[in-house]
Amino acid sequence: MVELLLHSQTKVDIDNYLVGQGHALLISGPIGAGKLYVAQHVASQLLNKNVESLMNYPFYKHITTAANNIGINEVRQIHTFLKLKTTGQATVRRIIIVENAHLMSEEAQNSFLKILEEPPTDTVIIMTASHAQSILPTILSRVQQIEIKRPTLDQINNFYSSKTTESVNRAYQLSSGWPGMMSDILSDNQTNPLFTAIVMVKELLTAPVFERLLKVDEISRDKDQLNRLIFALKQVCKITIEKLADSKQGEDIKRWHNLYNQAYLAEKRLLNSASPKLVITDLFLQM
Numbered sequence: 444m445v446e447l448l449l450h451s452q453t454k455v456d457i458d459n460y461l462v463g464q465g466h467a468l469l470i471s472g473p474i475g476a477g478k479l480y481v482a483q484h485v486a487s488q489l490l491n492k493n494v495e496s497l498m499n500y501p502f503y504k505h506i507t508t509a510a511n512n513i514g515i516n517e518v519r520q521i522h523t524f525l526k527l528k529t530t531g532q533a534t535v536r537r538i539i540i541v542e543n544a545h546l547m548s549e550e551a552q553n554s555f556l557k558i559l560e561e562p563p564t565d566t567v568i569i570m571t572a573s574h575a576q577s578i579l580p581t582i583l584s585r586v587q588q589i590e591i592k593r594p595t596l597d598q599i600n601n602f603y604s605s606k607t608t609e610s611v612n613r614a615y616q617l618s619s620g621w622p623g624m625m626s627d628i629l630s631d632n633q634t635n636p637l638f639t640a641i642v643m644v645k646e647l648l649t650a651p652v653f654e655r656l657l658k659v660d661e662i663s664r665d666k667d668q669l670n671r672l673i674f675a676l677k678q679v680c681k682i683t684i685e686k687l688a689d690s691k692q693g694e695d696i697k698r699w700h701n702l703y704n705q706a707y708l709a710e711k712r713l714l715n716s717a718s719p720k721l722v723i724t725d726l727f728l729q730m
């Protein structure tokens with residue numbers, strides 16, 4: 444497992460789960476929290492295998508999607524996978540990770556619920572989600588939950604004591620201290636989609652309004668991309684405000700504060716099921 448900084452309470456919650464493991468676990472946290480790292484760590488501990496060897500283990504399945512949703516077909520894959528007879532004497536012999544379970548359609552969640560109602564005794568299902576409230580209450584009632592908490596600044600500095608102060612500060616600014624994103628930045632893992640989102644935000648900020656609006660349809664169709672874009676915009680605003688803090692550019696600071704507030708409101712509207720297209724259109728008009 445990639446060494447990952449975790450809040451002390453998150454570590455306790457993981458250890459407690461591993462001691463009294465249930466058949467299903469939901470790991471929640473915002474973009475960049477490191478949910479998949481934690482899920483894979485839990486899976487490796489339950490199966491007594493290295494994370495690197497999980498993909499070669501026949502009774503390990505990782506459900507993910509590059510699309511904007513996890514549909515009924517992906518859940519059917521799980522149903523089929525559960526029909527395989529496991530081997531060995533260990534209590535836990537099969538692990539299924541459903542990454543970004545908040546992207547499951549209602550139909551998929553209802554089908555998934557049937558799995559949770561009668562799970563095989565040798566199987567643990569681990570889900571990750573940005574927000575627990577995006578999961579059906581009937582599913583939440585059948586899973587244990589771990590919410591990833593953000594480490595303190597002291598924990599971050601101690602954990603990355605071998606790194607330069609400049610690199611840690613930069614990673615902290617871009618990630619707001621969320622451990623998954625910090626780890627990717629400090630290891631220069633540019634495959635992290637948040638890097639792409641930050642680049643896009645910088646391009647959008649300098650583009651004419653009509654060019655921004657041309658991208659509304661594309662971005663609004665991808666819920667995860669939209670959430671990453673809003674997160675990245677908030678980070679760019681915060682970094683810029685900090686840079687301007689010692690200057691006398693009051694109007695500029697006010698403008699960036701206003702833009703941060705608009706991004707924050709857009710995030711809240713999405714959580715309340717507002718139309719993604721309307722949300723992103725309104726935000727782009729404010730940029």
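Note that this note's numbering has the sequence shown beginning at 444, numbered continuously upward.
Don't be surprised by glycine CBs; every beta carbon is placed ideally from N, CA and C.
From a predicted model like this one, the values you see are computed outputs, not experimental measurements.
- Per the DSSP secondary-structure output, residue 590 pairs in a beta bridge with 471.
- Taken through DSSP and simplified to helix, strand or coil, residue 557 comes out as helix.
- For residue 486, the closest alpha carbon among the candidates 476, 474 and 500 is that of 500.
- Sequence-distant partners of residue 497 (beyond 5 residues in either direction) whose C-beta falls short of 7 Å from its own C-beta, in its chain, are 483, 486, 487 and 503.
- Contact between residue 673 and residue 717 does not hold, since their C-beta atoms are separated by about 12 Å, which reaches or exceeds 8 Å.
- With 16 or more other Cβ atoms inside 10 Å of its own Cβ, residue 545 counts as buried.
- Taking C-alpha positions only, residue 568 is separated from residue 553 by approximately 15 Å.
- Collapsing the DSSP output to three states places residue 730 in coil.
- Residues of the same chain with a CB within less than 7 Å of the CB of residue 606, apart from the 5 flanking positions on each side, are 629 in chain order.
- In this structure, residue 513 lies near residue 506, with their beta-carbon atoms less than 8 Å apart.
- Contact fails between the stretch 595 to 605 and the stretch 656 to 672, because fewer than three Cβ pairs, one in each stretch, are under 8 Å apart.
- For residue 572, the enclosing beta strand (DSSP E) stretches over residues 566 to 572.
- The criterion of a C-beta distance shorter than 8 Å is not satisfied by residue 726 and residue 675.
- In this structure, the CA atom of residue 583 is about 42 Å from the CA atom of residue 696.
- In this structure the stretch 454 to 462 does not touch the stretch 563 to 582; the number of beta carbon pairs closer than 8 Å is below three.
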